[in-house]
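For the record, in the sequence shown the residue sitting at position 54 is 54 according to the UniProt record's numbering, with numbers rising by one throughout. All residues carry an ideal CB built from backbone N, CA and C; glycine is no exception. Given the structure is predicted, the values throughout are model-derived calculations rather than measurements.
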Amino acid sequence: YKRDFYRATWIFTALDAGFWTAMNIRPNWLKHILSFVFTIYYLIFADQAVERVRRVRACITLEHMRVSWNKADTPIIRFITYFDRPRIAMQHRIELPRRDAHLPPVGIEVFFHGSKEAYASATRCILHTHGGGFVAMSPRCHEEYLRRWAIQTGVPIFSIDYKKAPEFPYPYAIEECFDVYEQIRETNGGCLGLEGWFHARDNTPKAPLRIIGTGDSAGGNIITALAYKIIESPKPLVPLAGLVLVYPSLDFNMRCWIEPKNADLVRNESAHSLPSLAETRDHLGHKSPLAFGPDTVSAWRRIRSQSLQERTGARVASLKEKSARLMMTSQASYTADRMLTLDMLRAMVIMYLGPHRHPDFEREYYVAPIVAPEHLIAQLPPVYIICGERDPLVDDSIRFAARIRQAKLQLWKRKHAATDAAGFDEDLHVRLKVVEGASHAFLHMVALYPPTKTIIGLLGGWFEELLYGDVASMPMPGREGISGQQRGKAADDLPAGSLSADERQHIEHWQRSSLVHEAELMDRRNQHIYNTHVLTFEHNHATTA
């Protein structure tokens with residue numbers, strides 16, 4: 001990890017250890033106080049905190065997960081983070097009845113920064129499904145960034161408080177969210193307090209709402225499954241206008257090695273960065289069986305002296321040569337992650353699916369959105385993804401972005417009768433940003449991890465771009481090469497809370513210094529494993545000798 005992210009995980013570890021130590025204390029007021037006291041103790045004695053957390057996670061229960069992830073909604077934590085939650089004009093909860101009267105209503109938390117009149121007349125909105133491993137958390141646990149997005153974008157944010165597993169296992173949450181979406185489309189937002197199909201001022205017809213879907217972690221899984229369900233709905237529905245996914249969980253298969261078909265997708269990402277292609281390592285190139293690749297500076301120096309045609313040919317030959325070589329998955333590489341361990345992932349999957357369901361992870365794309373057929377992926381709206389370099393789920397994002405690129409390109413070729421990719425702007429269809437030295441759940445570290453506010457601003461810029469029109473000319477963070485003077489026509493509607501020019505410049509500078517290109521990930525990951533295992537072995541051997 002980078003130092004600032006490691007510092008944040010140190011505090012999170014102390015919080016988990018403190019809250020787990022006090023979780024069975026009664027009454028509640030005493031439990032809340034002692035949770036904070038124990039946290040201070042574990043901040044001082046960090047080794048004890050690590051050991052306490054390790055023991056709990058090894059056989060983690062539903063109660064432990066909920067205590068850990070719901071702590072942001074406890075009185076003391078809310079008091080401490082009060083100033084990290086910016087004030088907004090409107091936040092309230094709506095209980096939306098289900099179509100089936102026998103089912104409980106759906107809770108929806110509304111975030112909006114503006115007048116009641118502006119809320120009612122809104123023509124754009126964001127639909128949010130929160131993370132929490134399918135078993136925990138609520139929209140209130142995500143207030144710190146949702147409020148910031150409400151200010152920056154100026155549109156209502158509807159965060160669905162879907163029912164949690166294991167009480168409501170798969171596919172209940174997806175069906176619940178689809179019911180909400182259907183009602184929003186049928187009433188054009190009227191079910192949530194918007195004007196509906198006619199302007200209140202002159203009773204003229206309104207266009208359908210422009211809706212952007214977003215979700216983090218488990219919420220990224222649910223919102224992507226919802227996008228598929230909308231596309232496949234027998235009743236025609238206006239689809240989502242975009243998807244913004246934050247460290248999404250898209251594949252429930254837990255593997256040690258990347259399969260050849262998936263390895264090709266990962267390697268094909270290297271086409272966007274020739275230097276990174278030359279520097280990508282594989283562990284068959286080392287003399288040591290535990291090492292992960294020779295130094296490649298001289299290799300890149302040789303490639304740089306070649307012509308473009310020679311370099312392209314070398315790339316194809318290199319991909320063929322490596323087609324059978326082994327690469328470790330992010331889950332195997334970061335099995336001891338400080339934020340998300342394999343034991344936690346396994347427990348979440350079991351609880352989400354329930355005791356009576358045995359899905360095929362290679363075919364059921366509502367469970368694992370990454371395995372959807374190409375024709376369905378090609379129909380997705382623009383998909384923007386951000387995740388951490390050290391996240392056990394980072395491979396999900398890389399593979400999904402690669403599959404979207406591939407599917408969209410093939411669809412574009414068929415529509416334009418083209419044989420190559422000339423004229424295809426992939427940036428309009430999919431983007432992937434990987435945060436250097438970070439793992440999972442960084443959106444919940446506003447007070448602890450300095451880049452979090454910058455990342456929230458970057459994501460807010462993506463929302464502005466998707467909400468306010470001409471994607472090709474919006475000067476938003478994350479779209480390189482666009483000058484600050486260019487702007488789509490609809491961008492005149494940008495809210496007062498939109499980022500200033502200086503803030504956008506800061507985000508662009510941060511991206512240049514703190515993001516990792518997809519093509520560099522395997523090289524960095526293998527070097528991390530080499531440093532962790534081989535150098536540790538050599539150090540211990542030298543010490544013993």
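Going by C-alpha distance, which of the options is nearest residue i?
i, options, result
"residue 620", "L443, W462 and S514", "Any property of residue 620 remains undetermined from this structure, which presents the chain solely from 1 to 545."
"N70", "H113, T187, M23 and I94", "M23"
"R390", "Q331, D420 and T81", "Q331"
"D84", "A501, A447 and L499", "A447"
"A173", "H128, L192, H32 and N203", "H128"
"R405", "H142, A418, F5 and L380", "L380"
"S159", "C141, E167, T341 and A165", "C141"
"F36", "L62, V50, V53 and I76", "I76"
"E237", "I377, G189 and E182", "Looking at the sequence shown, residue 237 is not Glu but Leu. Out of I377, G189 and E182, E182 has the C-alpha closest to the C-alpha of L237."
"K433", "A402, I184, T341 and A122", "A402"
"L467", "P373, P382, R55 and R363", "P382"
"V244", "E436, L342 and W149", "W149"
"H130", "R512, V246 and S498", "V246"
"L340", "A58, K31 and G193", "A58"
I'd like to confirm the pairing. Which residues does DSSP put opposite residue i in its beta bridges?
i, result
"L237", "Per DSSP, none; premise fails for L237."
"G388", "V435"
"E95", "G107"
"R210", "R124"
"M90", "F112"
"D161", "G107"
"D216", "V246"
"T61", "Looking at the DSSP assignment, T61 forms no beta bridge with any residue, so it has no partner."
"F83", "F83 is not bridged to any residue."
"P205", "F198"
"L340", "In DSSP, L340 forms no bridge with anything."
"V516", "V434"
"V383", "L243 and V430"
"T129", "I160 and G215"
If you draw a straight line from the C-alpha of residue i to the C-alpha of residue j, how long is it?
i, j, result
"E117", "D161", "25 angstroms"
"M327", "Q505", "37 angstroms"
"G293", "S333", "Low confidence applies here, because G293 scores a pLDDT of 44, under 50, leaving its location unreliable; read the following figure in that light. Rounded to the nearest angstrom, the two C-alpha atoms are 16 angstroms apart."
"R7", "Y449", "8 angstroms"
"A207", "S249", "33 angstroms"
"T214", "Y228", "14 angstroms"
"R210", "R93", "22 angstroms"
"D73", "R147", "15 angstroms"
"V516", "E503", "21 angstroms"
"V394", "P359", "23 angstroms"
"Y145", "I456", "6 angstroms"
"W29", "G196", "44 angstroms"
"I25", "L34", "9 angstroms"
"E167", "I370", "26 angstroms"
"H102", "Q48", "49 angstroms"
"I231", "P205", "25 angstroms"
"I44", "T61", "26 angstroms"
"V471", "I11", "Because V471 carries a pLDDT of 40, less than 50, the predicted location of this residue cannot be relied on, and the following value inherits that uncertainty. Answer to the nearest angstrom: the Cα atoms are 39 angstroms apart."
"R3", "S514", "13 angstroms"
"residue 546", "L240", "No answer is possible for residue 546: the residues shown for the chain start at 1 and end at 545."
"L308", "S397", "Note on L308: pLDDT 42, under 50, position unreliable in the model; no value is reported."
"R55", "K235", "50 angstroms"
"S68", "D16", "6 angstroms"
"S233", "H429", "22 angstroms"
"C387", "I126", "20 angstroms"
"P373", "K164", "28 angstroms"
"V349", "F178", "21 angstroms"
"L96", "G107", "6 angstroms"
"F361", "P495", "42 angstroms"
"G219", "A418", "37 angstroms"
"A336", "P392", "9 angstroms"
Please report the Cβ distance between residue i and residue j, rounded to the nearest whole angstrom; I am assuming they are in contact, meaning their Cβ atoms lie under 8 angstroms.
i, j, result
"T153", "F463", "5 angstroms"
"R98", "P105", "6 angstroms"
"H199", "I151", "Between I151 and H199 the Cβ distance is about 25 angstroms, and since that is not below 8 angstroms, they are no contact."
"T123", "R338", "Not quite, the Cβ-Cβ distance comes to about 43 angstroms (not below 8 angstroms), so this is no contact."
"W20", "R66", "That pair is no contact at about 11 angstroms."
So, residue i versus residue j, is the Cβ gap smaller than 8 angstroms?
i, j, result
"residue 548", "P169", "Outside the shown range of the chain, which is 1 to 545, sits residue 548, and nothing can be said about it."
"S217", "H440", "yes"
"I385", "L458", "no"
"P139", "E109", "yes"
"Y366", "P86", "no"
"G242", "I212", "yes"
"Y119", "M90", "yes"
"L194", "N203", "no"
Hey, is residue i's beta-carbon within less than 8 angstroms of any beta-carbon in chain D?
i, result
"K206", "The structure shown contains no chain D, having only a single protein chain."
Confirm the yes/no value for this check: CB of residue i, any heavy atom of the ligand ADP, distance under 7 angstroms.
i, result
"I377", "With respect to small molecules bound, the structure shown includes none, and the ligand ADP cannot be examined in it."
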